[in-house]
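S.K.: 21 is the number of the first residue of the sequence shown in the working numbering; add one for each residue after it.
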Amino acid sequence: MSYNIAIDGPAGAGKSTIARRAAEKLHFIYVDTGAMYRAIALFFLKKGISFQDTETMAAECRNAEVSITYQDGEQIVLLNGENVNSLIRTEEVSSMSSKASAVLEVRAHLLDLQRSLAAGENVIMDGRDIGTCVLPKADVKIFLTASTQVRARRRYEELRAKGSEESLECVERKIIERDEADRNRAISPLREAEDAVHVDTSDMTVEEAVDRVLEICQEKMV
Ligand code: DC
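1) Classify residue 155 as helix, strand or coil using the three-state DSSP reduction.
2) Can you tell me the Cα-Cα spacing of residue 213 and residue 163, whole angstroms?
3) Is there at least one non-hydrogen atom of the ligand DC closer than 8 Å to the beta-carbon of residue 146?
4) With residue 202 and residue 209 assumed to form a contact (beta carbons below 8 Å), what rounded beta-carbon distance in angstroms separates them?
5) How is the beta strand (DSSP E) around residue 23 delimited, first residue to last?
6) Less than 8 Å separating the Cβ of residue 54 from some heavy atom of the ligand DC?
7) Thinking just about the alpha-carbon of each residue, which of 109, 94, 126 and 134 is nearest to the one in residue 40?
8) Grouping DSSP H, G and I as helix and E and B as strand, with all else coil, what is residue 221?
9) At 4 residues or longer, what runs of the alpha helix (DSSP H) sit wholly inside the stretch 131-209?
10) Could you tell me the boundaries of the beta strand (DSSP E) in which residue 118 lies?
11) With DSSP collapsed to three states, give me the class of residue 19.
12) Taking only the alpha-carbon atoms, compute the straight-line gap between residue 148 and residue 30 and give it to the nearest angstrom.
13) Quick check on this structure: which residue in 79, 90, 137 and 42 has the alpha carbon closest to the alpha carbon of residue 60?
14) For residue 68 and residue 166, what's the separation of their Cα atoms in angstroms?
15) Any chance the CB of residue 198 is under 8 Å from a heavy atom of the ligand DC?
16) In chain order, what residues of the same chain have a beta carbon less than 8 Å from the beta carbon of residue 137, not counting five sequence neighbours either side?
17) With a Cβ-Cβ cutoff of 9 Å, do residue 38 and residue 25 count as a contact?
18) Tell me whether residue 94 sits in a helix, a strand or coil according to DSSP, three-state version.
19) What whole-angstrom Cβ distance do residue 57 and residue 121 have, given they're in contact under 8 Å?
20) In chain order, what residues of the same chain lie with their CB nearer than 8 Å to the CB of residue 124, ignoring the 5 residues before and after it?
21) Using 8 Å as the cut-off, classify the Cβ of residue 31 as near or not near the heavy atoms of the ligand DC, replying yes or no.
22) Can you list, in chain order, the residues of its chain with a C-beta nearer than 7 Å to that of residue 153? Leave out the 5 residues immediately preceding and following it.
23) Comparing C-alpha positions only, which one of 161, 92 and 70 sits nearest to residue 44?
24) May I ask you to check if the CB of residue 50 is nearer than 8 Å to at least one heavy atom of the ligand DC?
Shown next as C-alpha cells:
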C-alpha cells in the first residue's frame, strides 16, 4: 500500500520548501512537477522559441526528454540526460514555463512521467493540477496559498539572496501575471480540488506550515 499526497497552489506559496520538509519527515519521495515544466521551458529557450510560439512548442516538446533522479534525497531534473537543476530557477525560465505549461502537448508529455513516479511509491507531489488532474485519487490533497503580498515578498527575498536587484513591485507584478496565466489557461488550470484542505500560510512560519501539513496527512492517512 502506497500513499500519494498532492500539494497544489500558486507561485510563491511555499509549496516546494514545505513539501520537501514534510516528505523528509514522512520518509516519502518528494516530486516537484514545476521543475519538469521548467526543464521543458529551458529546452524551448535554448532552441530560441519565442514566448508566443505555442505551435512550435507543441511540436518540439517531444524532443525534450525529461527524467528525474535523486541524489542524497535531492530531486535532480535531467533534460536529455543533462542535470539542469542550476539552470531552471531564473525569471526567464519562470515566465517561459508558465507559457509552456498552457500547451496541451507539453502537459501530455509530462503526465505519464508524473503518474509513473507516483505509482507504487509513497510520494508528496507538488504543482498546480496534482489533486485535480495528475493524481485525482490522491490520499491527501492540500491547497497551499498565501496573500499576493506575502508571496511576492518571499520571492523577492529569495531573489535578493541570489544577488538579484529586481524591485519588490516588479516581482509582485510578475507573480500576479503568472497566477493569472496559471488560473485562466484552458487545460488543467490552477484550481483547488473540491476535496482539498485549504491552508493559508500568510501568517505561518515554515515550521508551522510543515506541522500543519503533517497534521493533515496524519488525519487522512489512517
Ligand atoms: O511551481 P513552479 O513555479 O516551479 O512552476 C513553474 C510553472 O509550471 C508555473 O508557472 C506553472 C507550471 N506548472 C503547471 O502548470 N503544472 C504543474 N503541475 C506544475 C507547474
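All C-beta atoms in this analysis are idealised placements derived from N, C-alpha and C, irrespective of residue type, glycine included.
M.R.: According to the structure shown:
1) In this structure, DSSP gives residue 155 a state outside helix and strand, which the three-state scheme calls coil.
2) Near 8 Å, if we compare the C-alpha coordinates of residue 163 and residue 213.
3) Yes, the Cβ of residue 146 comes within 8 Å of a heavy atom of the ligand DC.
4) Confirmed, Cβ separation roughly 7 Å.
5) Per DSSP, residue 23 belongs to no beta strand (DSSP E) and is neither H nor E.
6) True, at least one ligand heavy atom lies under 8 Å from that Cβ.
7) Comparing Cα positions, the closest option is 94.
8) Residue state, collapsed to three classes: coil.
9) If we require 4 residues or more, the alpha helix (DSSP H) runs fully inside the stretch 131-209 come out as 168-181 and 188-204.
10) For residue 118, no beta strand (DSSP E) encloses it; the enclosing alpha helix (DSSP H) starts and ends at 111-120.
11) The chain is shown only over 21 to 242; residue 19 falls outside these bounds and no answer can be derived.
12) Rounded to the nearest angstrom, the two C-alpha atoms are 7 Å apart.
13) When C-alpha distances from residue 60 are compared across 79, 90, 137 and 42, the shortest belongs to 79.
14) When rounded, the distance between both Cα atoms is 34 Å.
15) Taking non-hydrogen atoms of the ligand DC into account, the C-beta of residue 198 is found less than 8 Å away from one of them.
16) 49, 51, 88, 143 and 145.
17) In this structure, residue 25 does not lie closer than 9 Å to residue 38 by Cβ.
18) Strand, per DSSP.
19) Rounded, the Cβ-Cβ distance is 5 Å, consistent with contact.
20) Counting only Cβ-Cβ distances below 8 Å, and skipping sequence neighbours, we find 78 and 207.
21) The ligand DC has a heavy atom closer than 8 Å to the beta-carbon of residue 31.
22) Excluding sequence neighbours, residue 153 sits near 208.
23) Residue 44 has its Cα closest to that of 92, out of 161, 92 and 70.
24) In this structure, the ligand DC has no non-hydrogen atom nearer than 8 Å to the beta-carbon of residue 50.
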